[in-house]
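For reference, the structure is listed below as structure tokens.
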């Protein structure tokens, strides 16, 4: 089946620094990938749709200048959390679609101290 | 604004019991309803439903969609402790692979031995 990987799986950073999270589709090409955020005991919230070769589409309320998304190839999308603050601490999950299914990466736990 | 509401939010039953999880949705240009199981990390795909009244089954799990009432249920029969997880319901505008999903908050299911 389709496999999506994320790196790193866990990251701790200091407030004010930037963190980059990678999402890769390992055995298929994904023109579209999605980034979700999940706070403790909350559901997944779609942050943005990452489009290969073009700008990402952000959901309402998500700051595009803070959460930079780059989809440079058909197998890689990156999410950079810029000037991270403690309230950005969350579980970030990417997914990629293939046919009628959406495959999720294992997620990245970000902790901002 | 798209909305997916799941109930109950949490449920504790004994092994062997049958459970029914509920999901109602209001999704613009709705085309598909998806169920996921989330344990420790990223969600794993269970079902995608696009047609009303047609039950999908996988082992002890089954699900059905009512597009008139904007409702879906997930049934689990003869529950086992391994079924303990958060079950997420999500609505999508088109196919599960083509668009970002709107998730409900999930039902936290605990199966006691």
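Chains as they are written, first to last, in our numbering: chain A, 271 to 383; chain B, 824 to 936.
A virtual CB, placed ideally from N, CA and C, is assigned to each residue, including glycine.
Contact of residue 376 of chain A with chain B is assigned, a C-beta pair being separated by under 8 Å.
Exclusion of the five residues before and after residue 934 of chain B leaves 836, 838, 902, 903, 904, 906 and 907 as the residues of its chain whose Cβ lies within less than 7 Å of its Cβ.
For residue 849 of chain B, the three-state secondary structure derived from DSSP is strand. Residue environment for residue 827 of chain B: buried (at least 16 other C-beta atoms within 10 angstroms of its C-beta). For residue 908 of chain B, the beta-bridge partners assigned by DSSP are B/932. Ranked by how close their Cα comes to the Cα of residue 876 of chain B, the residues B/868, B/896 and B/889 have B/889 in first place. Rounded to whole angstroms, the Cβ separation of residue 342 of chain A and residue 283 of chain A is 23 Å, and the two are not in contact under 8 Å. Residue 300 of chain A: not part of any beta strand (DSSP E); DSSP gives it neither H nor E. The residue from B/851, B/887 and B/892 with its alpha-carbon nearest to that of residue 874 of chain B is B/887. Residue environment analysis places residue 286 of chain A among the exposed positions, since fewer than 16 neighbouring C-beta atoms fall within 10 angstroms of its C-beta. The beta carbon of residue 891 of chain B sits closer than 7 Å to the beta carbons of 875 from its chain, once the five residues preceding and following it are set aside; these are given in chain order. At a cut-off of 8 Å between beta carbons, residue 882 of chain B makes no contact with chain A.
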